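First the structure, in the form of structure tokens, and then the observations on it.
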Amino acid sequence: MRLSQSFGKTLREAPAEAEMASHQLLIRANYIRPAGAGVYTFMPLGYRVIRKIWGIMAEEMDAISGQEMWMPNLHPAALWQATGRWGQMDVLFKLKGSGNREYALSATHEEIVVDLALRDIESHRDLPRMIYHISKKFRDEPRPRGGLIRLREFIMKDAYTLDRSEEALDEYYPSMLQAYFNIFDRCGVKTTAINADVGAMGGKTSQEFTVPHPQGEDVFIDCDNCDYAANVEAAEFVREGEKPATLAELIKVETPDCKTIADVAAFVGVATTQTLKCVFYWWRPSYVEKPGEGRLVFAMTRGDLAINDTKLVNALGGGFLRAATEDEIKAIDAVPGYASAIGMTPARDMASPGVMIVADESINFGGNYVVGANEDPYHYTGANLGRDFEVSRIADIAQADTGHKCPVCGGRIEAKRAIEVGHCFKLGTRYSAAVNATYLDENGQPQLIYMGSYGIGLDRLMAVVVELHHDKDGIVWPDSVAPYQVHLVHIGKEGDGTKEQAEALYADLTAAGVEVLYDDRDGVGAGVKFKDADLMGIPWRVTVSARSLEQGGVEVKRRSESERRILPIEEYPILLNPALLNS
RNA sequence: CGGGGCGUAGCUCAGCUUGGCAGAGCGCUCGGUUUGGGACCGAGAGGCCGCCGGUUCGAGUCCGGCCGCCCCGACCA
242 MRLSQSFGKT
252 LREAPAEAEM
262 ASHQLLIRAN
272 YIRPAGAGVY
282 TFMPLGYRVI
292 RKIWGIMAEE
302 MDAISGQEMW
312 MPNLHPAALW
322 QATGRWGQMD
332 VLFKLKGSGN
342 REYALSATHE
352 EIVVDLALRD
362 IESHRDLPRM
372 IYHISKKFRD
382 EPRPRGGLIR
392 LREFIMKDAY
402 TLDRSEEALD
412 EYYPSMLQAY
422 FNIFDRCGVK
432 TTAINADVGA
442 MGGKTSQEFT
452 VPHPQGEDVF
462 IDCDNCDYAA
472 NVEAAEFVRE
482 GEKPATLAEL
492 IKVETPDCKT
502 IADVAAFVGV
512 ATTQTLKCVF
522 YWWRPSYVEK
532 PGEGRLVFAM
542 TRGDLAINDT
552 KLVNALGGGF
562 LRAATEDEIK
572 AIDAVPGYAS
582 AIGMTPARDM
592 ASPGVMIVAD
602 ESINFGGNYV
612 VGANEDPYHY
622 TGANLGRDFE
632 VSRIADIAQA
642 DTGHKCPVCG
652 GRIEAKRAIE
662 VGHCFKLGTR
672 YSAAVNATYL
682 DENGQPQLIY
692 MGSYGIGLDR
702 LMAVVVELHH
712 DKDGIVWPDS
722 VAPYQVHLVH
732 IGKEGDGTKE
742 QAEALYADLT
752 AAGVEVLYDD
762 RDGVGAGVKF
772 KDADLMGIPW
782 RVTVSARSLE
792 QGGVEVKRRS
802 ESERRILPIE
812 EYPILLNPAL
822 LNS
């Protein structure tokens with residue numbers, strides 16, 4: 242490609258709204274252009290990177306028996322209604338065609354795949370199968386961010402497995418995880434696979450591939466001593482603390498202006514571990530709230546810990562939570578800021594009357610707590626579970642955080658931010674059951690198909706590659722995903738013979754199949770060309786100039802290194818295989 | 001959806017406090033010089049100052065509403 246003919250140009254300054262390095266550099270270096278919030282055009286260079294990543298993914302998927310196909314992005318509403326997600330997935334873009342036909346834009350493709358399975362999988366002989374495709378996803382994200390990190394329209398590789406049984410799925414699953422590691426390794430991205438909550442995707446297990454990054458939107462827990470790692474939504478930790486040897490007397494004390502745990506602990510003179518924190522939620526079974534549906538949930542944990550909403554939902558067996566309103570809290574005679582379970586009748590389960598009180602395990606690792614008196618402005622001291630109040634159930638609902646004890650080795654864990662680049666789900670029969678997608682087993686009996694789904698965001702991965710591979714001057718692409726291998730730079734003036742040499746080299750390299758970006762621009766200073774080359778980040782820079790020719794050849798420089806060397810012209814065929822230059 | 005910030009030339013930004021001719025640098029066009037790290041001289045083009053309404057003799061500037069974009073949070077299938 243001749244730079245003199247390329248569409249678009251590099252920018253000296255990044256648009257003001259770009260904050261992340263990848264966002265700034267990809268725009269400045271002419272890889273992407275914004276069309277709106279979370280919507281980008283891939284310029285010629287950017288599209289070449291996407292195609293490189295695409296190729297790596299296709300190779301790795303094919304290597305584990307994947308079959309590449311191409312699924313639609315316009316989804317008839319009926320498919321989404323069949324799985325129950327039409328009314329549940331809030332980020333689903335919906336649109337109407339003529340005659341009131343309704344469609345969804347592809348937010349994901351489980352619906353398409355399970356419909357295919359329904360039609361085309363008939364016998365156990367048709368299983369197992371692994372299919373995948375790379376195409377656009379559309380999600381009405383409330384807040385796109387970070388350039389290509391979080392988009393409303395993005396490119397995803399998603400693979401789907403169809404198996405006879407859970408065991409068959411379990412057996413295949415590790416090869417998918419390995420393929421994922423291979424893909425990320427080949428792209429120059431070191432990932433950590435962590436156990437994550439499955440969320441509303443359904444299913445039972447999921448592994449999230451993350452890259453630690455300060456501007457990531459995921460928080461995960463990492464042990465500094467062993468390899469335990471998990472998303473905070475699923476991370477376990479060891480509660481520390483002791484029950485008191487003797488129970489103190491329950492005493493009501495006046496605590497003016499003490500609305501927070503820290504206030505109360507300081508006022509009464511105890512550690513926050515000797516307090517109980519109470520948070521009120523409104524639980525409902527479906528995403529869309531319906532009048533008269535749902536109930537209040539009273540969540541409690543030791544005062545030094547925070548409640549994790551996802552863990553709480555899981556402890557309740559599913560559903561959705563929002564913060565309870567003041568009226569809903571008052572309806573059970575609790576006083577916000579001074580609430581406790583004292584005097585309340587806990588519900589036995591979600592269907593029973595009383596107050597649904599869920600306490601974190603941590604309350605068993607302490608006692609003689611300071612708790613609210615359900616009266617403004619009073620607290621009790623010396624409160625103890627069993628003697629002074631009861632709960633509906635005790636579960637793991639507190640969020641793991643930095644400094645907590647590792648559940649595996651007993652070391653200390655740390656909360657870190659990360660960017661999620663891939664996710665593998667064992668879906669089980671969540672979707673096949675919804676549409677009754679079955680196969681006939683050896684005995685002629687219909688059995689539900691076991692599914693798995695496995696996604697990687699290509700554009701997000703591209704951004705992460707840049708986050709990990711750049712310096713002050715620009716991008717430094719790994720060879721594997723670089724849009725071109727050689728950035729050929731011509732410097733010289735009319736009639737000094739340099740142009741002819743550069744043109745000849747360009748022709749030879751191109752004819753030999755080397756991917757060359759050729760800066761043939763006339764009247765552009767050497768400084769500009771070098772700055773652009775650094776910005777664009779192509780692995781090898783080859784300069785043809787009067788100076789290099791005087792020194793006997795062309796100058797070769799690796800983007801990632803500062804060393805430049807002269808390669809004699811007669812040895813130029815070595816450039817036909819740039820990998821040789823590494824030796 | 002809550003909090004904060006921003007919207008003026010392709011990009012970065014001044015001008016708004018205190019209403020009075022629409023500005024700079026970079027980029028772009030033309031001519032010339034230059035040619036190893038974002039060069040120089042000269043001449044140009046380029047604007048619904050986000051949109052709508054209000055106040056005013058007069059609004060980029062003041063007031064109200066809306067839209068868009070960015071950041072934090074919520075959400076994140």
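Under this note's numbering, the letters of the first sequence match residues 242 to 824, in that order.
No residue lacks a Cβ here, since even glycine has one placed at the ideal position from N, Cα and C.
These figures come from a predicted structure and were not determined experimentally.
Suppose you measure from the CA of I273 to the CA of F539; what does that come to, to the nearest Å?
48 Å
C-beta contact flag for L626 and I604 at 8 Å:
yes
On the three-state DSSP scale, how would you describe T679?
strand
Helix, strand or coil: which one does DSSP assign to E449?
strand
Leaving out five residues on either side along the sequence, give the residues of the same chain with a beta carbon under 6 Å from the beta carbon of G608.
K484, P485, N625
With L418 and Q448 assumed to form a contact (beta carbons below 8 Å), what rounded beta-carbon distance in angstroms separates them?
6 Å
Please report the distance separating the alpha-carbon of T784 from that of E796.
5 Å
A323 vs A678 beta-carbon contact at 8 Å
no
Report yes or no: do three or more beta-carbon pairs, one from the region 735 to 754 and one from the region 296 to 315, lie closer than 8 Å?
no
Closest Cα partner of T432 within the set L702, Y281, Y373, E382:
L702
For L668, which of helix, strand or coil comes out of DSSP?
strand
Provide the residue span of the beta strand (DSSP E) that contains K798, from first to last.
794 to 799
Would the beta-carbon of I638 fall within 8 Å of that of D601?
yes
Between which two residues does the beta strand (DSSP E) harbouring R759 extend?
According to the sequence shown, residue 759 is Tyr rather than Arg. First-last of the beta strand (DSSP E) with Y759: 757 to 760.
What would DSSP say about G623, mapped onto helix, strand or coil?
strand
Between the C-alpha atoms of K552 and D642, what's the straight-line distance to the nearest angstrom?
14 Å
Environment of W781 [buried if 16+ CB atoms lie within 10 Å]
buried
Between L491 and P532, what straight-line distance do the alpha-carbon atoms span, to the nearest angstrom?
40 Å
Excluding sequence positions up to five away, which residues of its chain have a Cβ less than 8 Å from the Cβ of A470?
T433, A434, I435, N436, F461, I462, D463, C464
State the DSSP-derived secondary structure class of V332, mapped to helix, strand or coil.
coil
Could you tell me the boundaries of the alpha helix (DSSP H) in which R788 lies?
787 to 791
Could you please give the first and the last residue of the uninterrupted beta strand (DSSP E) stretch that includes E804?
It is not in any beta strand (DSSP E) - E804 carries neither H nor E in the DSSP assignment.
Span separating the alpha-carbon of V596 from that of A565:
13 Å
Take the Cβ of F630 as the centre, count every other Cβ of all protein chains shown within 10 Å, and call the residue buried at 16 or more, exposed below.
buried
Quick check on D737: does DSSP put it in helix, strand or coil?
coil
Can you tell me the Cα-Cα spacing of D714 and T349, whole angstroms?
37 Å
By the three-class DSSP mapping on this structure, what secondary structure does N472 have?
strand
In its own chain, which residues sit with a C-beta less than 7 Å from the C-beta of V826, not counting the 5 before and 5 after it?
Lying before the first or after the last residue shown, residue 826 is absent from the chain, which here runs from 242 to 824.
Range of the contiguous alpha helix (DSSP H) that encloses V730:
Not the alpha helix (DSSP H): V730 falls in the beta strand (DSSP E), residues 727 to 731.
What does the Cβ neighbour count give for K734, buried or exposed, with the cut at 16 atoms within 10 Å?
exposed
Thinking C-beta only, is N271 closer than 8 Å to M261?
no
Report buried or exposed for F248, applying the criterion of at least 16 other Cβ atoms within 10 angstroms of its Cβ.
exposed
Skipping 5 residues on each side, what residues in its chain have a beta carbon closer than 6 Å to that of E405?
For the record, residue 405 in the displayed sequence is Arg; it is not Glu. Excluding residues within five positions, the ones whose Cβ falls inside 6 Å are H365, L368.
Whole angstroms is fine: what's the gap from W311's alpha carbon to V355's?
15 Å
Taking three-plus beta-carbon pairs below 8 Å as touching, is the region 752 to 765 in contact with the region 718 to 737?
yes
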